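Protein chains: 2
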Amino acid sequence: MKSDTCQPILDIRFRSQVLQSDVAAVRDIVEATGFFTPDEARMAASLVRERLAQGPESGYLFLFAESGRPGSAHKVLGYACYGPIDCADGRYDLYWIAVRPERQGLGLGRELLASVEERVRTRGGTRMYAETSSQQAYEPTRGFYEKNGYVAETRLKDFYRPGDDKIFYVKDLAR
Amino acid sequence: MKSDTCQPILDIRFRSQVLQSDVAAVRDIVEATGFFTPDEARMAASLVRERLAQGPESGYLFLFAESGRPGSAHKVLGYACYGPIDCADGRYDLYWIAVRPERQGLGLGRELLASVEERVRTRGGTRMYAETSSQQAYEPTRGFYEKNGYVAETRLKDFYRPGDDKIFYVKDLAR
Chain A
2 MKSDTCQPIL
12 DIRFRSQVLQ
22 SDVAAVRDIV
32 EATGFFTPDE
42 ARMAASLVRE
52 RLAQGPESGY
62 LFLFAESGRP
72 GSAHKVLGYA
82 CYGPIDCADG
92 RYDLYWIAVR
102 PERQGLGLGR
112 ELLASVEERV
122 RTRGGTRMYA
132 ETSSQQAYEP
142 TRGFYEKNGY
152 VAETRLKDFY
162 RPGDDKIFYV
172 KDLAR
Chain B
2 MKSDTCQPIL
12 DIRFRSQVLQ
22 SDVAAVRDIV
32 EATGFFTPDE
42 ARMAASLVRE
52 RLAQGPESGY
62 LFLFAESGRP
72 GSAHKVLGYA
82 CYGPIDCADG
92 RYDLYWIAVR
102 PERQGLGLGR
112 ELLASVEERV
122 RTRGGTRMYA
132 ETSSQQAYEP
142 TRGFYEKNGY
152 VAETRLKDFY
162 RPGDDKIFYV
172 KDLAR
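These protein sequence lines are chains A and B, in that order. Numbers in my numbering are just positions in the first sequence, counted from 1, shifted up by 1. Numbers in my numbering are just positions in the second sequence, counted from 1, shifted up by 1.
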């Protein structure tokens, strides 16, 4: 078992095609993190549904990290949802990024994010935005963005509720 | 004709129900302002389509200002699109507000906005957000928000493109 967790990236494949089964997979991953409310998990899954119904026109792009190991209990280990920002030139928003808790801390989130950024660059994107909460519970999220080159540019005070600000992170992809 | 434009609000009715014909009406109004690109007008109309397909679950609420005068060339004179912000308590976003150019400057935008705010209060909303560009062309938009009690809280530099920031306006409805 130990040797298995020491080579976490070796058996991972990235997939950008969106499958019907991803609706349940995304809801499951988001819920499993223990980080989000059931409402938020439903919202994350609804973006997959919108993408399946409307295709890339929906504005939602996905990247799934899948286990290539046979017999793996959960095939989809993590995912990211991102897309071009309407009416903005080359700006992209990272809507969701989540990794199953038992696969966290092994670099999978970083790999997912790097691959998303590379895909955005390929599409001519020059800047990524990510938004998160100022609450204590989101310290790991903010740490994740900061470690990956995102800078907290500004915030909206009490955006989510009194005492809970929205922080805007930005990363220039041209650099 | 003159007396007509001096009593602009008298023959106006507000309607929150969304009709199939509003797809074209919204596109037409947004285009007629001369303010937005054809892409932006299509985007505005696509929100009506989303609302028609999914109902209030879409998260998009509308208010239409209609002429009650028989034989009026354009029945829908202006509209607003707004909705609750996901994962935020009592926060609402004003996505669009537009008035046909020949009916601008007569207080119709202000009436629409006041009615939207009243409807948000009735739904338990406590705060409205509106976002706009820092460009010179949007000076009337910013002036409109400021005259109606909105405060520019912060901005994202070069959000839309280099030299074109996104400004976040906020208004507390509890006051």
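Ideal Cβ positions, reconstructed from N, Cα and C, are used throughout, including at glycine. Remember, predicted model here, so these are calculated numbers, not experimental data.
Query, Result
"Beta carbons nearer than 9 Å to chain B: which residues of the segment 76 to 94 of chain A have them?", "I86, D87, C88, A89, D90, G91, R92"
"Quick check on B/D40: does DSSP put it in helix, strand or coil?", "helix"
"Looking at the C-beta of B/T62, does it have a partner C-beta in chain A at a distance below 9 Å?", "Correcting the residue identity first, residue 62 of chain B is Leu in this sequence and not Thr. Answer no: the Cβ-Cβ gap between B/L62 and chain A never drops below 9 Å."
"Reducing DSSP to helix, strand and coil, say where B/A175 ends up.", "coil"
"Between A/K158 and chain B, is the shortest Cβ-Cβ distance under 9 Å, so that the two count as touching?", "yes"
"Does DSSP put A/G94 in a helix, a strand or coil?", "It is worth fixing the name first, because residue 94 of chain A is Asp in this sequence and not Gly. In the structure shown, A/D94 sits in a strand (DSSP, three-state: E or B)."
"Who are B/E132's beta bridge partners in DSSP?", "B/F169"
"For B/D23, count neighbouring C-beta atoms within 10 Å of its own C-beta (all shown protein chains included) and say buried if the count is 16 or more, exposed if not.", "buried"
"Closer than 9 Å, CB to CB, is B/Y139 near chain A or not?", "no"
"Can you pull out the residues from the segment 145 to 156 of chain B whose beta carbon lies closer than 8 Å to at least one beta carbon of chain A?", "E154, T155, R156"
"Determine, using beta carbons only, whether A/T38 comes closer than 9 Å to chain B.", "yes"
"Is A/E41 close to chain B? Criterion is C-beta to C-beta, closer than 9 Å.", "yes"
"From B/R43 to A/E154, what distance separates their C-alpha atoms?", "31 Å"
"Indicate whether at least one CB of chain A lies closer than 9 Å to the CB of B/M1.", "Since the displayed chain B opens at 2 and closes at 176, residue 1 of chain B lies outside it and no answer follows."
"Within 9 Å (strictly less), CB to CB, does A/R111 reach chain B?", "no"
"Helix, strand or coil: which one does DSSP assign to A/S68?", "strand"
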